[in-house]
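2 protein chains.
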Amino acid sequence: MSKDSPNADSPTTARQRRSSDQVTLSQVAQVAGVSPITASRALNYPEKVSDSARRSVLQAVESLGYVPNLVAGSLASSRSRLIAVIVPSLINSVFVEVIKGLQETLEAEGYQILLGNTDYDLDREYQLVRTFLGWSCSALVTAGLRHNTACHTLLANWDHPIMEVMELGQGMDLNVGLDHVAAGRCMANHLFDKGYRHIVYVGARLAQDYRASMRFDGHKEVLKEKGIDAPLLELDTLGSLQAGAEGLAQVLAQYPHTQAIHFANDDLAAGALLAAQRQGLNVPGDIAIAGFNGLPLGQHVTPQLTTILSPREEMGRLAAKELIRRLSGKNVYRRQHDVGFTLQIGGST
Amino acid sequence: MSKDSPNADSPTTARQRRSSDQVTLSQVAQVAGVSPITASRALNYPEKVSDSARRSVLQAVESLGYVPNLVAGSLASSRSRLIAVIVPSLINSVFVEVIKGLQETLEAEGYQILLGNTDYDLDREYQLVRTFLGWSCSALVTAGLRHNTACHTLLANWDHPIMEVMELGQGMDLNVGLDHVAAGRCMANHLFDKGYRHIVYVGARLAQDYRASMRFDGHKEVLKEKGIDAPLLELDTLGSLQAGAEGLAQVLAQYPHTQAIHFANDDLAAGALLAAQRQGLNVPGDIAIAGFNGLPLGQHVTPQLTTILSPREEMGRLAAKELIRRLSGKNVYRRQHDVGFTLQIGGST
DNA sequence: CGCTATCATGACAGCGCTACCATTCTGGAC
DNA sequence: GTCCAGAATGGTAGCGCTGTCATGATAGCG
Numbered sequence: 152m153s154k155d156s157p158n159a160d161s162p163t164t165a166r167q168r169r170s171s172d173q174v175t176l177s178q179v180a181q182v183a184g185v186s187p188i189t190a191s192r193a194l195n196y197p198e199k200v201s202d203s204a205r206r207s208v209l210q211a212v213e214s215l216g217y218v219p220n221l222v223a224g225s226l227a228s229s230r231s232r233l234i235a236v237i238v239p240s241l242i243n244s245v246f247v248e249v250i251k252g253l254q255e256t257l258e259a260e261g262y263q264i265l266l267g268n269t270d271y272d273l274d275r276e277y278q279l280v281r282t283f284l285g286w287s288c289s290a291l292v293t294a295g296l297r298h299n300t301a302c303h304t305l306l307a308n309w310d311h312p313i314m315e316v317m318e319l320g321q322g323m324d325l326n327v328g329l330d331h332v333a334a335g336r337c338m339a340n341h342l343f344d345k346g347y348r349h350i351v352y353v354g355a356r357l358a359q360d361y362r363a364s365m366r367f368d369g370h371k372e373v374l375k376e377k378g379i380d381a382p383l384l385e386l387d388t389l390g391s392l393q394a395g396a397e398g399l400a401q402v403l404a405q406y407p408h409t410q411a412i413h414f415a416n417d418d419l420a421a422g423a424l425l426a427a428q429r430q431g432l433n434v435p436g437d438i439a440i441a442g443f444n445g446l447p448l449g450q451h452v453t454p455q456l457t458t459i460l461s462p463r464e465e466m467g468r469l470a471a472k473e474l475i476r477r478l479s480g481k482n483v484y485r486r487q488h489d490v491g492f493t494l495q496i497g498g499s500t
Numbered sequence: 152m153s154k155d156s157p158n159a160d161s162p163t164t165a166r167q168r169r170s171s172d173q174v175t176l177s178q179v180a181q182v183a184g185v186s187p188i189t190a191s192r193a194l195n196y197p198e199k200v201s202d203s204a205r206r207s208v209l210q211a212v213e214s215l216g217y218v219p220n221l222v223a224g225s226l227a228s229s230r231s232r233l234i235a236v237i238v239p240s241l242i243n244s245v246f247v248e249v250i251k252g253l254q255e256t257l258e259a260e261g262y263q264i265l266l267g268n269t270d271y272d273l274d275r276e277y278q279l280v281r282t283f284l285g286w287s288c289s290a291l292v293t294a295g296l297r298h299n300t301a302c303h304t305l306l307a308n309w310d311h312p313i314m315e316v317m318e319l320g321q322g323m324d325l326n327v328g329l330d331h332v333a334a335g336r337c338m339a340n341h342l343f344d345k346g347y348r349h350i351v352y353v354g355a356r357l358a359q360d361y362r363a364s365m366r367f368d369g370h371k372e373v374l375k376e377k378g379i380d381a382p383l384l385e386l387d388t389l390g391s392l393q394a395g396a397e398g399l400a401q402v403l404a405q406y407p408h409t410q411a412i413h414f415a416n417d418d419l420a421a422g423a424l425l426a427a428q429r430q431g432l433n434v435p436g437d438i439a440i441a442g443f444n445g446l447p448l449g450q451h452v453t454p455q456l457t458t459i460l461s462p463r464e465e466m467g468r469l470a471a472k473e474l475i476r477r478l479s480g481k482n483v484y485r486r487q488h489d490v491g492f493t494l495q496i497g498g499s500t
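Going down the list, the sequences are from chains A and B.
Quick note on the working numbering: the first sequence kicks off at 152 and runs consecutively.
Quick note on the working numbering: the second sequence kicks off at 152 and runs consecutively.
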């Protein structure tokens, strides 16, 4: 602005690629009266330069309105402060809460989130992973331990932290989650202890939401041990209040003797509970209802929903903390973290 | 792999920076028997190279397991296929639904989302914008039309599309949203028409959630026109079922003659409705309740919640489509899109 | 006072890719 | 056969930044 023309004194270069009014670090350095590399250090490693240098650089940054080009920085350093987060769904608030936990912890440390959504499709996951590796992300967070082989190979050869969340198990690298089979067992035991003997498990798209199917496995194990049948009703719409209402109707039609329904999640359970109310059914007198997740909704309906509380935001925060610890070079970490769960007994069972 | 050592024939370079086992485009080109630039074109502009060249490049990519370095590509082309999305909150499902709409449309076009959360803090927003501009994002989506001056200046000088969503108005560039004042008016009119005269508006943190306060403005206007008082109760916890229950209690205590409560959103309204049920209050007989958003929850409680349906995913999809259109160079677009809203009358009023 | 350890700074090269221009090669019009 | 349009390909030179090493300045030691 003040100078006549900034490229008048660069006679050698025959052509400019892009005039690109963007302020560069070199310009900042020039204004500050230091070399570009010192300007770089002043911004990235402030403790490595003298006070005076740092001050003049910061002042130049301010006056020029310099915005660092992170793309160039990442290319040069092959570090990006970008964390890839891949989830199967954004409709399901559970994943959003995990993202929230990740987000607040990672942003505080100056990391940004690159968000990907697989829609429960492992091939899509592979594509996303490829793209994200191309961004030389510092780490990758993915929901679940199951991946297709291409994805597995790609990640196995990747030399950055990988964090698999939601479920507990032998992962590729780091893992923060809970034991879904145990959660399923826990609820089944509760229902049995309450005296229910005709119990139906209702889930939605279990092939995709395989964690729900792991809970069913636990549920089935327990009932089998007790010598009881464990019928399963699978809905083919994704979990929602509406689907829960339909689930209730189908159970009543197909299994009229049912005393209790163990829903794969709280959305379904709450939907069924509200539908039961609309139909004048007594919960738990006519039918008991249990869910999974501990969504706020379940705590506000009457009767309060019996559910299993999973610490979702906490899972995100813990995962983020472990990643940060790992990324700061500390090797002291546990590969696996069990965040546990809590049976929350309401009036619905 | 097949060759002895790829860097044996680069004798001039004294030192290697990082050995970086990463496969580069040059290696792909070498294997494919073409120049690097042709390999680049084969991947980015397939129609610009011959069939044979394209085939051999793709085959080389496959066999080497090449993953393009998007950071380098972005630096060279100053395009990134990254879209910054900045929202004030992830707890509020409304923003998540907009993100979902954006996400599914943008991912289909090969764009990735860089997600930022301001926690309703405009200074934080500015920081995020700075960071995201540093990634040379192709475009930026932000919730709302209000920004601090630094942010405004920064964005005004930025030469990429900016999309402001959620509320309708004179934005910086593109805008997709709805008229919140009109929505507030709409609901107030409905309540008046239903015969209610003692109506309290209940919101949470209106200074932050200023869109809720715009709805209150509309609400107030209408009641003023009718010559009625428009008391406001502001909660200082964020919108949630719990807060709604508290809001109900406070209204009953402070304004015992209240006939109807106009809540700033469905979370609050549903929380109040469920709380009313727990307390044996008749809705709408003892107290009428209305919300805003049209969350599924409101449609499943009994009585069904009267609310205003806002097309949130649709807003995200439309915003994404407009951005894509703009990014593909088409200049034919409307700067402003009103997605409208629908009054949904349930049994709660 | 000379020697080495430490700090602050700078020169250089290069991260992996693509924009730009130049070149070659084809095929058709005349 | 000449000329030119157009397609396919390649060479060169960066994009803006930071890792690596080298240098100069300062301090610490016997």
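All C-beta atoms in this analysis are idealised placements derived from N, C-alpha and C, irrespective of residue type, glycine included.
Measuring CA to CA, which of the options is closest to residue i?
i: Ser508 (chain B); options: A:Gly436, A:Val179, A:Gly252, A:Gly354; result: One cannot answer for residue 508 (chain B) here, as it falls past the ends of chain B, which runs 152 to 500.
i: Gly379 (chain B); options: B:Gly346, B:Tyr361, B:Val452; result: The amino acid occupying residue 379 (chain B) in the given sequence is Ile; Gly does not appear at that position. Minimum Cα distance to Ile379 (chain B) is reached at B:Gly346.
i: Ala355 (chain A); options: A:Leu478, A:His413, A:Leu456; result: A:His413
i: Ile438 (chain B); options: B:Leu474, B:Tyr262, B:Gln278, B:Ala400; result: B:Ala400
i: Gln450 (chain B); options: B:Leu176, B:Ala396, B:Gln495, B:Lys481; result: B:Gln495
i: Gln405 (chain A); options: A:Tyr352, A:Gly390, A:Lys371; result: A:Tyr352
i: Ile440 (chain B); options: B:Gly395, B:Gly480, B:Arg477, B:Ala204; result: B:Gly395
i: Asp272 (chain A); options: A:Asp418, A:Thr388, A:Ala358, A:Ala235; result: A:Ala358
i: Gly280 (chain A); options: A:Asn308, A:Glu255, A:Phe246; result: The sequence given here has Val at residue 280 (chain A), not Gly. Selected option, being the one with the closest Cα: A:Asn308.
i: Ser479 (chain B); options: B:Arg232, B:Lys375, B:Val238, B:Val490; result: B:Arg232
i: Asn243 (chain B); options: B:Ile234, B:Leu392, B:Glu318; result: B:Leu392
i: Gly322 (chain B); options: B:Thr293, B:Gly445, B:His349, B:Ile350; result: B:Thr293
i: Phe283 (chain B); options: A:Pro219, A:Val245, A:Ala334; result: A:Pro219
Can a CB atom of chain B be found closer than 8 Å to the CB of residue i?
i: Val351 (chain A); result: no
i: Thr453 (chain A); result: yes
i: Leu474 (chain A); result: no
i: Gly480 (chain A); result: no
i: Val231 (chain A); result: With the sequence shown as reference, residue 231 (chain A) is identified as Ser, and Val is not the correct amino acid for it. Yes, because at least one Cβ of chain B sits closer than 8 Å to the Cβ of Ser231 (chain A).
i: Leu241 (chain A); result: yes
i: Lys154 (chain A); result: Per-residue confidence for Lys154 (chain A) stands at a pLDDT of 33, beneath the threshold of 50, marking its modelled position as unreliable; no derived number is given.
Does the CB of residue i have a neighbour CB from chain A at under 8 Å?
i: Lys251 (chain B); result: yes
i: Pro496 (chain B); result: Before going further, note that residue 496 (chain B) is Ile rather than Pro in the sequence given. No, no contact with chain A.
i: Pro157 (chain B); result: Residue confidence is low: Pro157 (chain B) scores 35 on pLDDT, short of 50, so the model does not pin down where it sits. Its coordinate-derived value is still stated next. No, Pro157 (chain B) lies away from the interface with chain A (no Cβ there is under 8 Å from its Cβ).
i: Ile234 (chain B); result: no
Any idea what DSSP makes of residue i, helix, strand or coil?
i: Asp418 (chain A); result: helix
i: Ala441 (chain A); result: strand
i: Ser156 (chain A); result: Low local confidence applies: a pLDDT of 35 at Ser156 (chain A) is under 50, so the model's placement there is unreliable, and no value is given.
i: Thr500 (chain A); result: coil
i: Asp202 (chain B); result: helix
i: Met317 (chain A); result: strand
i: Leu329 (chain B); result: strand
i: Ala358 (chain A); result: coil
i: Gly369 (chain B); result: helix
i: Gln495 (chain A); result: strand
i: Gln263 (chain A); result: strand
i: Thr269 (chain B); result: coil
i: Ala294 (chain A); result: strand
i: Leu241 (chain A); result: coil
Is residue i near the ligand SAH, with its Cβ less than 7 Å from a heavy atom?
i: Glu258 (chain B); result: Inclusion of the ligand SAH in the displayed structure is not the case, the ligand content being empty and no account of it being possible.
Can you give me, in chain order, the residues of the segment 276-299 of chain A that have a beta carbon less than 7 Å from any beta carbon in chain B?
-> Result list: Arg281, Thr282, Leu284, Gly285, Trp286, Ser287.
Any residues in the segment 414-428 of chain B with a beta carbon nearer than 7 Å to a beta carbon of chain A? Which ones, in chain order?
-> Contact annotation: in the segment 414-428 of chain B, residues whose CB is within less than 7 Å of a CB in chain A are Gly422, Leu425, Gln428.
Would you list, in chain order, the members of the segment 244-271 of chain B that have their beta-carbon closer than 9 Å to a beta-carbon of chain A?
-> Answer in chain order: Ser244, Val247, Glu248, Ile250, Lys251, Gln254, Glu255, Glu258, Gly261, Gln263, Ile264, Leu265, Leu266, Gly267, Asn268, Asp270.
Just by C-beta distance, which residues in the segment 210-228 of chain A are closer than 7 Å to chain B?
-> From the segment 210-228 of chain A, only Val218, Pro219, Asn220, Leu221, Val222, Ala223, Ser225, Leu226 have a Cβ closer than 7 Å to chain B.
Assess, as a yes-or-no matter, whether the segment 330-350 of chain A is touched by the segment 440-457 of chain A under the definition of 3 or more beta carbon pairs within less than 8 Å.
-> Short answer: they touch.
Quick one, which residues of the segment 367-396 of chain A are near chain B if we go by CB-CB under 8 Å, in chain order?
-> From the segment 367-396 of chain A, only Ser391, Leu392, Gln393, Ala396 have a Cβ closer than 8 Å to chain B.
Quick one, which residues of the segment 431-457 of chain A are near chain B if we go by CB-CB under 7 Å, in chain order?
-> Result list: Pro447, Leu448, His451, Val452, Thr453.
Would you say the segment 319-329 of chain A touches the segment 380-387 of chain A, given that touching needs at least three Cβ pairs under 8 Å?
-> Cβ pair count under 8 Å is below three, so no.
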